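> First residue of the sequence shown? That's 376 in this note's numbering, and the numbers climb one at a time after it.
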Amino acid sequence: MLEKDLFAGIVTSLCFYSEDIILVGHGPFLKVYDVATGKLMASKEVLPNNRIHRITFVPDTKSSYNDIETSTLAVHGSKHITFVELALESEQAR
376 MLEKDLFAGI VTSLCFYSED IILVGHGPFL KVYDVATGKL MASKEVLPNN RIHRITFVPD
436 TKSSYNDIET STLAVHGSKH ITFVELALES EQAR
């Protein structure tokens, strides 16, 4: 169901966005998966040269406009933190 990609390291963080979507810290990559199908919906290197140790939602940043739901995430690991805006179509965000 899941496909191997270029980074073969361990999963270092998990965070549910909703019952249907899970966010995965896989080394330096933040990945978005559909829980039911296991389909990789998105992948982005957000902490180059570091591992993601935690994914948290920034309070009061969730919004919706024109069927696009956005949230800001704080992604951190080692001594680094980055903020990522996650945008999903309302149907994907369920």
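Every residue, glycine too, gets a C-beta built ideally from N, C-alpha and C.
Since we're looking at a predicted model, the values are computed, not measured.
Helix or strand or just coil, what does DSSP make of V433?
Mapped onto the sequence shown, residue 433 falls at position 58. Of the three classes helix, strand and coil, the one that applies to V433 here is coil, per DSSP.
> Alpha carbon to alpha carbon, how far is G402 from L422? Give it in angstroms, no decimals.
In the sequence shown, counting from the first residue as 1, residue 422 sits at position 47. In the sequence shown, counting from the first residue as 1, residue 402 sits at position 27. Between L422 and G402, the C-alpha separation is close to 8 Å.
> Find the nearest neighbour of L448 within the set V386, V459, Y440 and N441, judged by alpha-carbon distance.
Indexing the sequence shown from 1 puts residue 448 at position 73. The option with the nearest alpha carbon to L448 is V459.
> Among I385, E394, E464 and I456, which one has its Cα closest to the Cα of I430?
Here residue 430 is taken as the residue at index 55 of the sequence shown, counted from 1. It is I456 whose Cα lies nearest to the Cα of I430.
> Contact defined as beta carbons within less than 8 Å: I believe L415 pairs with L405. What is the distance between those atoms, to the nearest angstrom?
Start at 1 with the first residue of the sequence shown, and residue 415 comes out as number 40. Start at 1 with the first residue of the sequence shown, and residue 405 comes out as number 30. Not really, about 12 Å apart at Cβ, beyond 8 Å.
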